[in-house]
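2 protein chains.
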Amino acid sequence: MHYPAPISKLIDSFMKLPGIGPKTAARLAFYVLNMKEEDVVQFSKSLMDVKRDLTFCSTCGHITEVDPCYICKDKERDRSVICVVQETKDVIMMERMREYKGLYHVLHGAISPMDGVGPEDINVPQLLERLKDEEVKEIIMATNPNIEGESTAMYISRLVKPLGLKITRLAHGLPVGGDLEYADEVTLSKAMEFRTEL
Amino acid sequence: MHYPAPISKLIDSFMKLPGIGPKTAARLAFYVLNMKEEDVVQFSKSLMDVKRDLTFCSTCGHITEVDPCYICKDKERDRSVICVVQETKDVIMMERMREYKGLYHVLHGAISPMDGVGPEDINVPQLLERLKDEEVKEIIMATNPNIEGESTAMYISRLVKPLGLKITRLAHGLPVGGDLEYADEVTLSKAMEFRTEL
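Going down the list, the protein sequences come from chains U and E.
Each residue of the first sequence is one higher than the last, beginning at 1 in full-length UniProt numbering.
Each residue of the second sequence is one higher than the last, beginning at 1 in full-length UniProt numbering.
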């Protein structure tokens, strides 16, 4: 026996999401069956709306309902700094900090020769284009602190340095509220290397 | 800063699902943003279809596209046995076994005084109704082997016994492929009590 067709199709859809296997997908699909009608309608609509109403800002690559996005449009923001991040989510994380007042550039990925992702496959050419036109003085590389993120930061820094721009990288060190015992050796050695005076 | 409205609504919808918190919901919503258009359309449609096209069989309570469901309609099946389960999913689990040829009855829950769920809140009255009309000889209680499931089984057995019907319960014991070391004491003592001759 199989699941009734509608359930089976919904299970397939859930399984397309990351980290959701057949068992979880089935659990979620059966949960939907018992959800309130209006919640399901809203869910279904939201899925379509996200796909239809959101585009990427043609300047910075952030998701937005209007192009250019509200960050690129904001006259209050410091146009001399661009913070380069890998994903849209990272912009939202940075904005949550409520401290950074510059602009962003979303790469939508990182350079990863293993996965066949080169600089042209991510938003690198668009970044170089922006550097020509704008009154930019500093680039902050906020790519992830892993191999792909680091290599992307290195690659971009080599392209940007000849243009005479300042290029910086987010600091490595111990996470605040963390425990020395649980820090890995590399993080600890970075924290040691970049220790600050009290 | 907040998420753009469409993303934020989709995150809310994902958060309504069981076991999905704000972080996972955000991860899934951003994943949807990058999914293929046709997959999202299919996902959105499946959600509505499940809600619209599926109903519960008026006889056994199993989900179905047509009422009565294909199990209740099947002339080949043994109408003298009814297997009582808590959820629709359990019917599918039982059917996967490909051994049971009787009918089902889905309770859609279990008696749980702690949560204010009484016999009238689940499909118990409908079960008693079925017992009057049909040529039923045996009821197999296949509710979950936990407190709620066991009490539900006990409760129903007390109602059914006076009708002169045979009522059985799924066996307790060691799971096949399991390891004695990891069995809990209660399971082990049940396995001991109901040991079979070789």
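Just so you know, even glycine gets a beta-carbon here, dropped at the ideal spot from N, CA and C.
Since this is a predicted model, take the numbers as computed values, not measurements.
Please list the partners that residue i has in chain B, where partner means a Cβ-to-Cβ separation under 9 Å.
i, result
"E65 of chain E", "Although the question refers to chain B, the structure presented lacks it and instead comprises the protein chains U and E."
Is residue i buried or exposed, if buried means 16 or more other CB atoms sit within 10 Å of its CB?
i, result
"M1 of chain U", "In this prediction, M1 of chain U has a pLDDT of 46, which is less than 50 and means its spatial position is unreliable; what the coordinates show is noted afterwards. Exposed."
"N34 of chain U", "exposed"
"E37 of chain E", "exposed"
"F14 of chain U", "buried"
"K23 of chain E", "exposed"
"F43 of chain U", "buried"
"I140 of chain U", "buried"
"K9 of chain E", "buried"
Under 7 Å, Cβ to Cβ, is there at least one residue of chain E near residue i?
i, result
"F194 of chain U", "no"
"S112 of chain U", "no"
"S157 of chain U", "no"
"E185 of chain U", "no"
With a cut-off of 7 Å, does the C-beta of residue i fall near any C-beta of chain U?
i, result
"L73 of chain E", "For clarity, residue 73 of chain E is Lys in the given sequence; the question names Leu instead. Closer than 7 Å: no."
"Q86 of chain E", "no"
"K16 of chain E", "yes"
"F56 of chain E", "no"
"S80 of chain E", "no"
"S13 of chain E", "yes"
Could you name the residues that DSSP lists as bridge partners for residue i?
i, result
"M141 of chain U", "U:V84 and U:R169"
"T64 of chain E", "E:T55"
"V124 of chain U", "Answer is none; V124 of chain U lacks a bridge partner."
"H105 of chain U", "U:V84"
"V117 of chain E", "E:S112"
"D78 of chain U", "U:G102"
Using a cut-off of 8 Å between C-beta atoms, extract the partners of residue i located in chain E.
i, result
"M48 of chain U", "V40, V41 and S44"
Would residue i pass as a contact of residue j if the rule is Cβ separation under 7 Å?
i, j, result
"V106 of chain E", "G61 of chain E", "yes"
"A191 of chain E", "T143 of chain E", "no"
"Y3 of chain U", "L17 of chain E", "no"
"Y100 of chain E", "M94 of chain E", "yes"
"K166 of chain E", "E129 of chain E", "no"
"L170 of chain U", "A183 of chain U", "no"
"A25 of chain E", "I11 of chain E", "yes"
"C83 of chain U", "P68 of chain U", "no"
"T88 of chain E", "I63 of chain E", "yes"
"E65 of chain U", "D74 of chain U", "no"
"V160 of chain E", "L47 of chain U", "no"
"S112 of chain U", "E148 of chain U", "yes"
"E120 of chain U", "R79 of chain U", "no"
"G102 of chain U", "V85 of chain U", "no"
If the cut is a Cβ gap below 9 Å, which residues of chain E does residue i touch?
i, result
"L10 of chain U", "F43, S46, L47, D49 and V50"
"K89 of chain U", "A26, R27 and F30"
Strictly below 8 Å CB to CB, what residues from chain U border residue i?
i, result
"M35 of chain E", "K16 and K51"
Give the residues of chain U in contact with residue i, contact being defined as C-beta atoms less than 9 Å apart.
i, result
"L127 of chain E", "Residues of chain U passing the Cβ test: none, with the nearest at roughly 20 Å."
Name the chain U residues that come within less than 7 Å of residue i, Cβ to Cβ?
i, result
"S189 of chain E", "In chain order: nothing, as chain U lies at least about 29 Å away."
Taking Cβ-Cβ distances shorter than 7 Å, what residues in chain E pair up with residue i?
i, result
"I140 of chain U", "Residues of chain E passing the Cβ test: none, with the nearest at roughly 17 Å."
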